[in-house]
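**Student:**
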């Protein structure tokens, strides 16, 4: 029986294995992070008890929406893909905290045995030297992975600041569950009141006074990788940027942890003279980087305006956050909410 051959123009591409699908890889990645999250939360609950865990969780979640909103607001001009945002936060909250929990404990024991330190000295040195190395490396790994596999999304310095801040926001959230829950457990054991409790003091210091501490540290690492991503291919900044940002993050982290070992006056001195000025400089740099993104929009769209594809005023309008906001408000009043 004669069977005609298929047309020459028809080509059958070989079917790719299912594990090469982007959706499968993304799902596997976030499943792994979810498993890390379940494990770290279970470890914390086992360590401090169920009631302290729930109290710590309720208190630790309070600053998270504000911090996440602040970073996403900064990133409104050229938003990072939601996958990058979700990965950064989830890595910090789940994977980085799980690594840090065990690595910090091992590092403190190793330091104590090597230097024959007392438990008090071991805790102090561990907080000042071991924790910054372990935690900034664990958090910075997320930025490294995004740099290696999603480098095209590092378009300006602001992208590194935002992603580093989101990683650290997730990390601080899980860490605060442990600290606040532990404080509540101690207060419950001694019958402390609310106002004079360790829980209240911990909440004031970690949530009200310094919610930006971890984001400040890790934003330095993110900034370093952003410098590398926006530099020329053969530039020395490709190596100096990430290494320098990571080192600055560790130094700031170590200085902050070390200040907690000082008197209240010493702690406040470091807070006022170091942390707040560095934070102010970082915020100023973030706004400067965002203004650069807006300037790029104006310059590129000016070509389309000159060709008659856009109205002369549109490049200026799209390159201004204030005009953008006014345009959205006007559209909302006349046409309702989007969707």
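In the working numbering, the protein residues as written are 548 to 886.
For each residue, glycine too, the CB sits at the ideal point set by N, CA and C.
Everything numeric in this text was worked out from a predicted model, so none of it was measured.
Measure the beta-carbon distance from residue 866 to residue 845 and round it to whole angstroms, keeping in mind my assumption that it falls under 8 Å.
**Tutor:** So it is a contact: roughly 3 Å between Cβ atoms.
**Student:** Determine the burial state of residue 686: buried for a count of at least 16 other Cβ atoms within 10 Å of its Cβ, exposed for fewer.
**Tutor:** Classification for residue 686: buried.
**Student:** Tell me the DSSP secondary structure of residue 654 in three-state form.
**Tutor:** Three-state result, residue 654: helix.
**Student:** Would you call the CB atoms of residue 573 and residue 630 closer than 8 Å?
**Tutor:** In contact: residue 573 and residue 630 (Cβ atoms closer than 8 Å).
**Student:** For residue 816, count the other beta carbons within 10 Å of its own beta carbon; 16 or more makes it buried, fewer makes it exposed. Which is it?
**Tutor:** Exposed, because fewer than 16 other Cβ atoms sit within 10 Å of the Cβ of residue 816.
**Student:** For residue 700, which residues of its own chain have a beta-carbon under 8 Å away from its beta-carbon, when the five flanking residues on both sides are left out?
**Tutor:** Here the set comprises 627, 628, 631, 693 and 706.
**Student:** Using the beta-carbon count (16 or more within 10 Å), is residue 726 buried or exposed?
**Tutor:** With 16 or more Cβ atoms within 10 Å of its Cβ, residue 726 is classed as buried.
**Student:** Do the stretch 711–719 and the stretch 614–622 make contact, defined as three or more Cβ pairs closer than 8 Å?
**Tutor:** Touching, per the Cβ criterion.
**Student:** Which whole-angstrom value is the C-beta distance of residue 595 and residue 738, which I expect to be below 8 Å?
**Tutor:** At roughly 18 Å, the Cβ-Cβ gap does not stay under 8 Å, so residue 595 and residue 738 are not in contact.
**Student:** In this structure, how does DSSP classify residue 697 when only helix, strand and coil are distinguished?
**Tutor:** Looking at residue 697 - three-state DSSP - the assignment turns out to be coil, as it is neither helix nor strand.
**Student:** Between residue 792 and residue 764, is the Cβ-Cβ spacing less than 8 Å?
**Tutor:** Contact flag unset, no.
**Student:** Assign residue 610 to one of three DSSP states: helix, strand, or coil.
**Tutor:** Three-state result, residue 610: coil.
**Student:** How long is the line joining the alpha carbons of residue 780 and residue 747, rounded to whole angstroms?
**Tutor:** Between residue 780 and residue 747, the C-alpha separation is close to 50 Å.
**Student:** Could you tell me the distance, in whole angstroms, from the CA atom of residue 644 to the CA atom of residue 804?
**Tutor:** For residue 644 and residue 804, the distance between alpha carbons rounds to 17 Å.
**Student:** By alpha-carbon positions, which one of 624, 641 and 610 ends up nearest to residue 583?
**Tutor:** Among 624, 641 and 610, the Cα nearest to that of residue 583 is on 641.
**Student:** Taking just the CA atoms, how far does residue 702 sit from residue 890?
**Tutor:** The chain is shown from 548 up to 886; residue 890 falls before or after that span and cannot be answered.
**Student:** Tell whether a beta-carbon distance below 8 Å holds between residue 664 and residue 657.
**Tutor:** Not a contact, by the Cβ cut-off of 8 Å.
**Student:** Comparing alpha-carbon positions, which option in 807, 717, 610 and 753 lies nearest residue 637?
**Tutor:** Closest by alpha carbon: 717.
**Student:** Would you call the CB atoms of residue 796 and residue 683 closer than 8 Å?
**Tutor:** Going by C-beta atoms, residue 796 is nearer than 8 Å to residue 683.
**Student:** Could you spell out where the alpha helix (DSSP H) holding residue 835 opens and where it closes?
**Tutor:** 823–853 is the span of the alpha helix (DSSP H), which, as asked, contains residue 835.
**Student:** Spatial neighbours of residue 592 within its chain, please: C-beta separation below 7 Å, excluding the five flanking residues on both sides.
**Tutor:** Excluding positions up to five away in sequence, the list reads 600.
**Student:** Find the nearest neighbour of residue 827 within the set 676, 762 and 695, judged by alpha-carbon distance.
**Tutor:** Considering only alpha carbons, the answer is 762.
**Student:** Taking contact to mean at least 3 C-beta pairs separated by less than 8 Å, is the stretch 745–759 in contact with the stretch 781–788?
**Tutor:** No: the two stretches stay apart, fewer than three of their Cβ pairs being nearer than 8 Å.
**Student:** Compute the Euclidean distance between the alpha carbons of residue 732 and residue 610, then round it to the nearest angstrom.
**Tutor:** The alpha-carbon atoms of residue 732 and residue 610 are separated by roughly 21 Å.
**Student:** Quick check: what's the CA-CA separation for residue 719 versus residue 769?
**Tutor:** Near 16 Å, if we compare the C-alpha coordinates of residue 769 and residue 719.
**Student:** Over what stretch of residues does the alpha helix (DSSP H) that includes residue 818 continue unbroken?
**Tutor:** Taken as a continuous stretch (DSSP letters only), residue 818 belongs to no alpha helix (DSSP H), as it is neither H nor E.
**Student:** By the three-class DSSP mapping on this structure, what secondary structure does residue 860 have?
**Tutor:** Three-state result, residue 860: coil.
**Student:** If we ignore side chains and look at the alpha-carbon of each, how far apart do residue 667 and residue 598 end up?
**Tutor:** Whole-angstrom Cα-Cα distance: 28 Å.
**Student:** Looking at residue 806: is its Cβ nearer than 8 Å to the Cβ of residue 813?
**Tutor:** Cβ distance < 8 Å, so residue 806 and residue 813 count as in contact.
**Student:** What alpha helix (DSSP H) runs, 4 residues minimum, are completely inside the stretch 704–790?
**Tutor:** Correct list: 704–737, 745–750 and 760–776.
**Student:** For residue 724, count neighbouring Cβ atoms within 10 angstroms of its own Cβ and tell me buried if that reaches 16, exposed if not.
**Tutor:** Its Cβ being crowded by 16 or more others within 10 Å, residue 724 is buried.
**Student:** Considering only the beta carbon of each residue, do residue 852 and residue 864 sit closer than 8 Å?
**Tutor:** Their beta carbons are not under 8 Å apart, which means residue 852 does not touch residue 864 by this criterion.
**Student:** Tell whether a beta-carbon distance below 8 Å holds between residue 774 and residue 704.
**Tutor:** Yes. Within cutoff.
**Student:** To the nearest angstrom, how far is the alpha carbon of residue 892 from that of residue 569?
**Tutor:** Since the first residue of the chain shown is 548 and the last is 886, residue 892 is not available in this structure.
**Student:** Here's a check: name, in chain order, each residue in its chain whose Cβ is nearer than 7 Å to the Cβ of residue 624, leaving out the five neighbours to either side.
**Tutor:** For residue 624, where only same-chain residues beyond five positions count, the Cβ hits under 7 Å are 837, 840 and 841.
**Student:** Is the CB-CB distance between residue 788 and residue 675 below 8 Å?
**Tutor:** The answer is no: Cβ separation not under 8 Å.
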